[in-house]
Structure formats: structure tokens, C-alpha cells
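Please read the structure below before turning to the comments.
Chains as they are written, first to last, in my numbering: chain R, 58 to 442; chain S, 6 to 391.
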């Protein structure tokens with residue numbers, strides 16, 4: 058079978074050949090352990106990690122010492138939330154977050170809630186946006202942290218992170234931003250946006266799976282996170298374990314490439330997304346957009362196909378790799394918590410499809426996906442009882 | 006200084022070079038087969054298949070015992086998942102570990118014990134670094150919830166008496182979970198006996214010519230560890246986070262290679278280590294660690310009296326030989342290893358330890374050439390420090 062057209066870039070992205078090229082030497086000849094301080098194999102690995110740390114920091118507007126390498130965003134999110142909750146116990150036990158966060162945030166917050174932490178779940182409007190006044194009103198003396206994502210992985214909503222950062226800073230509350238879908242796609246600057254902790258992952262920005270990073274503010278004043286795993290003291294004790302040097306090198310290169318191409322790529326993807334959206338809505342009736350029309354992640358399109366089951370639709374258009382929700386949840390057939398949060402019924406949620414466009418997406422692919430989607434929707438509606 | 010490529014690398018206990026065919030097994034997943042294994046479309050299903058094939062391979066290489074395997078980001082995470090995960094599943098219990106654990110196990114055990122508000126009991130070792138089984142027995146009771154023991158010790162190279170220790174644990178602490186850190190021994194010696202005795206084992210890919218960023222926790226109990234990470238529910242809910250498909254595929258291939266070559270490599274490497282131990286022992290003022298105890302076929306460690314480990318290391322590196330001192334993890338912190346303290350070395354002696362560690366890729370000539378250089382290097386460094 059011919060490989061399907063890949064349109065699931067919010068689930069994961071291919072490794073950019075430039076990234077793989079940077080990684081390859083660190084798989085084979087430069088295989089040293091970055092903690093081997095006594096010989097050249099170790100120094101070489103250390104130097105590569107240092108360079109990647111500098112790049113990640115630069116892309117985020119941070120300092121190198123503020124970057125903690127992780128195995129990915131799920132680990133970064135766990136370390137941020139549990140680590141901050143543990144180290145702020147003296148100050149308070151209240152966290153503010155939102156119903157549309159990624160399961161890594163929601164489930165970690167629930168785990169903390171089961172252990173006595175108070176949680177405020179901010180509601181969202183029909184586009185998935187929070188109300189800043191509601192955020193400000195939710196903050197109390199006991200609030201230690203606000204956890205809000207930069208860009209939603211299912212419906213592409215962009216939260217106003219600079220405004221959120223400002224509100225949090227004014228009230229002396231930590232702002233943790235899950236920027237897994239945002240880094241390299243939309244401009245983020247941790248100083249300008251007043252972000253205290255930020256998590257992201259290499260495999261969402263054309264880097265390898267198994268590498269991610271956490272920005273942890275290091276000054277004015279530094280943020281302390283209690284380590285969630287114990288070991289050899291790597292990453293300033295916050296994240297022990299032999300560093301995944303090729304993965305980290307790949308993460309650095311991926312950040313570099315994404316930063317260079319951010320504005321042109323965002324414009325290109327916005328144009329392709331509109332083309333896809335227009336093409337599908339011209340071809341079939343009863344299609345509605347989930348999430349905002351304008352202020353959204355450039356490569357994300359989430360559509361509701363009235364009266365069509367999304368699983369059946371995916372089967373009907375096997376030539377396209379798309380997703381009916383977030384990749385993590387897709388093995389279970391629960392209605393998407395994000396779509397539910399924006400007011401969709403179970404039926405609507407089960408009739409929605411996420412198209413994820415990315416760096417390798419071409420205009421030809423978009424046109425072909427329009428054609429395939431329109432045909433599949435028509436066929437399913439015709440055969441419906 | 007010589008170029009890296011010309012060097013003889015003898016620090017495999019820190020990390021091993023990736024086997025070429027392992028990289029080949031990984032590359033498809035870093036290129037066209039890049040899908041998320043949780044995705045339901047065909048590319049996702051194909052990635053999922055690669056994961057499951059690797060899971061079977063790694064599990065099968067451990068032993069024939071049916072068990073479950075959770076992929077992690079490496080050995081440190083696997084030790085933490087076992088010790089914190091199983092420890093938290095039985096709150097309030099006593100935690101026991103040995104005095105020669107890897108920091109990831111020792112500190113996880115400390116943290117797990119601290120959550121119950123009690124200290125972690127440390128089992129003493131003899132001068133060779135082997136568990137004092139009587140002391141182990143004294144630490145155990147009905148209240149013991151978890152025992153963490155290392156199998157192949159990473160700094161001394163001894164193999165610990167896991168089967169004997171397990172028998173004592175079962176008798177005196179029948180409710181305890183027995184976790185064994187098999188990171189250094191996996192792929193180097195057969196693990197059937199250890200797997201039969203333990204409730205869980207931790208493994209790491211980069212110690213067996215696999216990639217960094219992949220490891221595993223294997224467990225044989227019906228009980229499940231409490232997860233360290235929450236989210237997408239991958240790995241049966243025990244390890245959320247998008248799986249590192251390429252590294253896991255590489256892990257599977259690395260394990261296959263290790264398994265296929267074990268019968269040939271174990272005696273060959275044992276012979277090379279015996280040569281090294283003999284040569285170290287023949288030098289004056291050198292204490293070869295581990296005495297006559299059973300050993301990993303890959304690690305030789307010795308105290309070189311009157312020579313600081315890292316100076317000897319640098320001197321040998323300039324001559325083209327890369328060796329280790331304490332473990333890489335301690336090297337980062339600059340602290341003296343708890344293991345050396347446990348076997349009764351003075352601080353001065355601990356600082357004079359060198360570690361030579363071999364792998365499948367080590368040739369007889371590598372070892373011969375190293376041994377030609379060693380006596381002169383020791384002499385030179387001793388002169389330098391006098």
C-alpha cells in the first residue's frame with residue numbers, strides 16, 4: 058500500500074533531515090556519556106549538550122542554565138507541576154488550570170488534587186479561549202501556580218500567554234506554560250511573556266521522540282522544582298539519568314531550524330490550512346470549524362462533519378493519516394475532553410476530525426486531501442440510513 | 006593528544022558505542038516511519054507494531070519467565086519507577102537496599118522511605134563488595150515492603166548473590182517486593198536465575214550497544230507500580246508520554262545481538278578481564294577490587310596506591326587509552342562514591358580507583374596494548390605525585 062498522506066502533525070512530526078544529520082555522529086562515533094568528566098568522549102558529549110542548551114535557551118529568550126533536558130513533554134509537565142507543588146507547599150495549595158489542557162497536565166493535576174491540592178478549572182468559550190478576568194478572579198492568597206497551554210493540540214486555540222503571564226506576575230503566582238504545540242510554531246519569549254516554567258518536546262517540532270526540555274526560571278527569583286526521580290545528579294539534580302545526547306542534539310538543531318523558519322512557515326501553513334478548510338466547506342455542506350477561525354495554531358484544522366462518524370470517516374479515507382482526537386487518547390473512544398469543554402455534544406465530538414499540517418505538507422497534498430475528504434463524507438452520508 | 010578515533014575505548018560501563026546494525030534498525034523510525042504509535046491510522050499501527058516486537062524481544066532476552074515490560078527513558082527512570090512505584094503502592098512499609106546500589110536506586114529508596122517518614126535500611130557488604138547476607142537478614146521483617154538490590158555492580162564489577170538474597174527476603178519479608186537493578190549485567194551474563202528470584206528488573210539500552218534514551222522495567226508480579234508520569238496513558242498507564250519508537254526499536258535489536266553473542270562473548274571477556282586483573286595485581290601497591298568473588302565479564306577496578314585515578318586516566322588518554330575512574334555519575338558531582346566507602350576504602354584510596362570496562366567490541370589487541378602501557382603509566386604518575 059502506498060504511504061498515506063500524513064496530516065497528523067500535532068500527534069508527532071517527521072524528523073527533519075537536517076536534524077537527523079546533526080544527530081547521527083552522536084549515535085556512532087561520539088557515543089560518550091556526558092557525565093564522563095574524565096575523558097574526551099565525555100567532553101565531546103558535554104560540549105554537544107552545552108551547545109544544544111544554548112540554542113534552546115536562545116530560542117525561548119532564556120539563559121542556558123535555565124534549561125533542563127527531559128525525555129519529553131509528559132515528563133517535563135510532571136516535573137513542573139509536581140515539582141512546583143512540592144516545593145511551594147509552604148506558600149499554598151491551590152492551582153489554576155483549564156479543562157482543555159493536554160491529558161499530561163489534567164491527569165497530573167488530578168493526581169495532585171487526590172493528594173489534597175485545591176484546583177480551579179477555568180471554563181472556556183466556544184472557541185476554547187479563557188476569560189482573563191476569570192483567571193484574575195480565580196487567584197487567591199493560596200494560589201501557587203497557573204498552568205495554561207500556549208496552543209491547544211486538538212483545536213489549535215492560542216491562549217494569550219503574555220497577558221496570562223502579566224496577571225500571574227502581578228499577583229506573585231507562578232505561570233507554567235505547556236508549550237509543546239507552540240515552541241517553534243508561534244513566537245514565545247519567556248521573559249516578555251513572563252513565563253516561569255515552560256515545557257516542550259522535540260518530536261512536535263521535527264526533532265526526535267524521547268527528548269524534551271523544561272525551562273525553569275533561574276533568577277529574579279529562581280524557581281525551585283523538587284526532583285521527581287532520583288539518581289546521578291544530572292541536570293542540576295532536577296532530572297537525573299544519562300543524557301540522551303543524540304536526542305538532545307536533535308532537539309537543539311530542531312529549535313534552531315524552527316526559529317529560522319518560523320514566520321515564513323507560519324504564513325505558509327496558514328495559507329494551506331485556509332485552502333484545506335475552504336476546499337472542504339465548498340465540497341460538502343454541514344461542516345463547522347472547531348476552535349477559533351483566526352487566532353489559532355497555523356497548522357491545525359479541526360472540523361465537525363455533521364452526521365458523520367469520525368472513525369468511519371477515517372476508515373473511508375485511509376489514504377490520509379488524520380486523527381479523531383489527540384493521539385494519546387485515541388486508543389480509547391472517549392469523546393474529546395476539549396470538544397466537550399467548548400460545548401460540543403458527544404455526537405459532535407464523535408463527528409470531528411483533526412487535520413494537522415506541517416513543514417512537509419504540500420499544496421498538492423492539501424488539494425488531494427480536500428478531494429478525498431469530500432468524497433468520503435459524501436459517500437458516508439449517502440449510505441447513511 | 007591523540008584523536009578520539011584512534012583511541013582504545015575502555016569505559017563501556019559508562020556507555021557503549023551504538024552497534025551499526027542497531028542504528029540501521031532505528032533509522033526507519035527517524036525517517037519515513039515517524040508516526041505516533043498511539044495514532045489509529047496505518048502509520049501509527051506500524052509504529053505500534055515496532056514497539057510490541059521490541060517488547061517481546063527484550064522480555065524474551067531476560068528469561069523465559071512470563072512478565073510485563075514497561076519501556077522507560079533509561080535505567081535511572083526504570084529504577085525510580087520500580088522503587089518509588091512499588092514503594093508507594095505499599096505505603097508505610099520499610100524499604101531496604103544495599104550499600105552498593107547505583108545512585109538512582111539508592112536515592113530513590115531513600116526518597117521512598119522518606120515518604121513513609123523512616124530511614125532506608127542499608128545492607129552492608131564485605132570487602133569484595135558482596136552483600137553481607139546476615140546483615141540483610143537483620144534488616145528484614147514482616148513490615149518490609151520493598152528490597153532493592155543491584156546484580157552486577159557498576160563500580161567494582163562483582164556479581165551479587167541475588168538468588169541467595171532472594172531466598173532470605175522471601176523467608177523473612179514475605180510481603181516485600183524484590184527489585185533487582187540489572188542495568189550492568191543484562192546482556193553480559195545470563196539472567197534466568199535472577200529473573201526467577203526477583204519481582205522486577207531494570208534494564209538500559211545504552212549499556213548493551215543500544216541507544217541512550219531507552220530502558221525498561223520488567224516485572225513479574227500481579228501488582229503494578231504506581232506511575233511516575235501521568236497523561237496519555239501509554240505503556241498500560243504505567244508510563245505516559247509518546248514512546249521513543251526509534252530508540253525502542255534499537256533497544257530490541259541491541260538485545261537480540263547481545264543475546265546471540267552471549268555464549269561466545271562471556272567466556273572471551275571473562276578471559277580478558279582475568280588478564281587485566283592479573284596484570285593489575287602484579288603491580289606493586291595495587292589492590293584489585295572484588296577479590297575472588299563472582300564477577301561481571303566486563304568490569305575490572307583497582308586502587309592504584311600513590312596515583313590519583315583521574316591523573317592516571319588523563320595520562321593514559323594521552324597515550325590513546327580511555328578508561329574510567331569512579332562511575333560517570335559520581336564523576337559529575339565530584340563526590341566520593343558510597344560504594345567505595347562501603348567496601349572500606351579510605352578517601353585517598355577511593356580517589357585512586359581506576360575502572361577498565363570492556364564490551365563485545367573490545368579486541369584482545371586492545372587489552373594487550375593497554376597492558377603494555379599500564380606499568381609505565383602507573384610509574385610515571387606515581388613519580389609525578391611524589
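Backbone N, C-alpha and C define an ideal beta-carbon position, used for all residues, glycine too.
Could you check whether residue j and residue i sit closer than 7 Å to each other, using their CB atoms as the reference points?
| i | j | result |
| --- | --- | --- |
| residue 380/R | residue 65/R | yes |
| residue 30/S | residue 253/S | no |
| residue 250/R | residue 219/R | yes |
| residue 314/S | residue 361/S | no |
| residue 71/R | residue 39/S | yes |
| residue 208/R | residue 202/R | no |
| residue 5/S | residue 95/R | Missing from the structure shown is residue 5/S; chain S here goes from 6 to 391 and no further. |
| residue 158/R | residue 393/R | no |
| residue 203/S | residue 222/S | no |
| residue 42/S | residue 248/S | yes |
| residue 415/R | residue 356/R | yes |
| residue 376/R | residue 429/R | yes |
So the candidates are the options; which of them puts its Cα closest to the Cα of residue i?
| i | options | result |
| --- | --- | --- |
| residue 81/S | 414/R, 324/R and 288/R | 288/R |
| residue 199/R | 62/R, 98/R, 150/R and 363/R | 150/R |
| residue 432/R | 407/R, 359/R and 342/R | 342/R |
| residue 83/S | 110/S, 63/S, 311/S and 43/S | 110/S |
| residue 123/S | 142/S, 192/S, 101/S and 143/S | 101/S |
| residue 348/S | 380/S, 365/S and 306/S | 306/S |
| residue 326/R | 412/R, 128/R and 294/R | 412/R |
| residue 299/S | 182/S, 309/S, 165/S and 216/S | 165/S |
| residue 174/S | 381/S, 235/S, 128/S and 69/S | 128/S |
| residue 125/S | 134/S, 132/S, 106/S and 137/S | 106/S |
| residue 235/S | 154/R, 161/R and 130/R | 161/R |
| residue 230/R | 269/R, 254/R and 370/R | 254/R |
| residue 218/S | 78/S, 389/S and 179/S | 78/S |
| residue 146/R | 282/R, 378/R and 397/R | 282/R |
| residue 4/S | 227/S, 104/S, 325/S and 206/S | The displayed coordinates of chain S run from 6 to 391. Any statement about residue 4/S would go beyond what the structure contains. |
| residue 153/R | 371/R, 195/R and 91/R | 195/R |
| residue 257/R | 111/R, 126/R, 420/R and 306/R | 126/R |
| residue 398/R | 348/R, 138/R, 306/R and 225/R | 348/R |
| residue 46/R | 190/R, 139/R, 205/R and 111/R | Not covered by the structure: residue 46/R. The range shown for chain R is 58 to 442. |
Using a C-beta to C-beta distance shorter than 8 Å, which residues of chain R count as neighbours of residue i?
| i | result |
| --- | --- |
| residue 241/S | Residues of chain R passing the Cβ test: none, with the nearest at roughly 11 Å. |
| residue 327/S | 96, 97 and 98 |
| residue 22/S | 85, 86 and 88 |
| residue 379/S | Those do not exist, as residue 379/S stays about 16 Å from chain R at its closest Cβ, beyond 8 Å. |
What residues of chain R sit near residue i, judged by a beta carbon separation below 7 Å?
| i | result |
| --- | --- |
| residue 250/S | 266 |
| residue 207/S | Those do not exist, as residue 207/S stays about 12 Å from chain R at its closest Cβ, beyond 7 Å. |
| residue 322/S | 96 and 97 |
| residue 82/S | 286 and 298 |
| residue 112/S | 287 and 288 |
List, in order along the chain, the chain S residues whose C-beta lies closer than 9 Å to that of residue i?
| i | result |
| --- | --- |
| residue 77/R | 32, 35 and 36 |
| residue 235/R | Chain S residues near residue 235/R: none, gap ~11 Å exceeds 9 Å. |
| residue 60/R | 37, 47 and 48 |
Residues of chain S with CB closer than 8 Å to the CB of residue i, please, in chain order.
| i | result |
| --- | --- |
| residue 216/R | Near residue 216/R there are no residues of chain S at all, since even the closest Cβ is about 19 Å away, more than 8 Å. |
| residue 379/R | 46 |
| residue 132/R | 78, 234 and 246 |
Can you pull the chain R residues whose beta carbon is under 9 Å from the beta carbon of residue i, in chain order?
| i | result |
| --- | --- |
| residue 367/S | The premise fails here: residue 367/S is roughly 14 Å from chain R at the closest Cβ pair, so nothing lies under 9 Å. |
| residue 85/S | 285, 286, 287, 288, 297 and 298 |
| residue 344/S | Neighbours of residue 344/S on chain R: none; closest Cβ ~13 Å, over 9 Å. |
| residue 211/S | 88, 90, 299 and 301 |
Practice prompt. Inspect the CB distances between the stretch 202 to 213 of chain S and the stretch 235 to 247 of chain S and report whether three or more fall short of 8 Å.
Written response: no
Worksheet item: Counting Cβ pairs, one atom from each stretch, are 3 or more of them under 8 Å apart for the stretch 255 to 274 of chain S and the stretch 284 to 292 of chain S?
Response: no
Discussion item. Quick check: the stretch 162 to 181 of chain R against the stretch 134 to 142 of chain R, are at least 3 beta-carbon pairs closer than 8 Å?
Written reply: yes
Fill in: Contact between the stretch 180 to 187 of chain R and the stretch 225 to 238 of chain R (3+ Cβ pairs under 8 Å)
no
Item to complete: Taking only runs that begin and end inside the stretch 331 to 386 of chain R, name each unbroken beta strand (DSSP E) of 3 or more residues, in chain order.
Response: 344 to 347 and 357 to 362
Fill in: Cβ contact check for the stretch 67 to 83 of chain R and the stretch 258 to 266 of chain R: 3 or more pairs under 8 Å
yes
Worksheet item: Given 8 Å as the limit, is there contact between the stretch 68 to 78 of chain S and the stretch 150 to 161 of chain S, that is, 3 or more CB pairs closer than that?
Response: no
Discussion item. Give the list of continuous alpha helix (DSSP H) stretches no shorter than 4 residues that lie fully inside the stretch 23 to 80 of chain S.
Written reply: 25 to 35 and 47 to 67
Worksheet item: Does the stretch 282 to 296 of chain R come close enough to the stretch 84 to 93 of chain S to have 3 or more Cβ pairs within less than 8 Å?
Response: yes
Discussion item. With three or more C-beta pairs closer than 8 Å as the rule, is the stretch 396 to 410 of chain R touching the stretch 330 to 342 of chain R?
Written reply: no
Worksheet item: Pairing CB atoms from the stretch 269 to 282 of chain S with CB atoms from the stretch 169 to 176 of chain R, are three or more of them under 8 Å?
Response: no
Item to complete: Please list the segments of the beta strand (DSSP E) lying wholly inside the stretch 149 to 188 of chain S, counting only runs of 3 or more residues, in order along the chain.
Response: 149 to 155 and 182 to 186
Discussion item. Ignoring anything shorter than 3 residues, give me the beta strand (DSSP E) runs that lie fully in the stretch 318 to 365 of chain S, in order along the chain.
Written reply: 358 to 362
Item to complete: Give, in chain order, every unbroken run of the beta strand (DSSP E) that is at least 3 residues long and sits entirely within the stretch 237 to 271 of chain R.
Response: 254 to 258
Discussion item. Count Cβ pairs between the stretch 55 to 69 of chain S and the stretch 121 to 129 of chain R that sit closer than 8 Å; are there 3 or more?
Written reply: no
Item to complete: Go through the stretch 235 to 298 of chain S residue by residue and report every complete run of the beta strand (DSSP E) that reaches 3 residues or more, in order.
Response: 291 to 293
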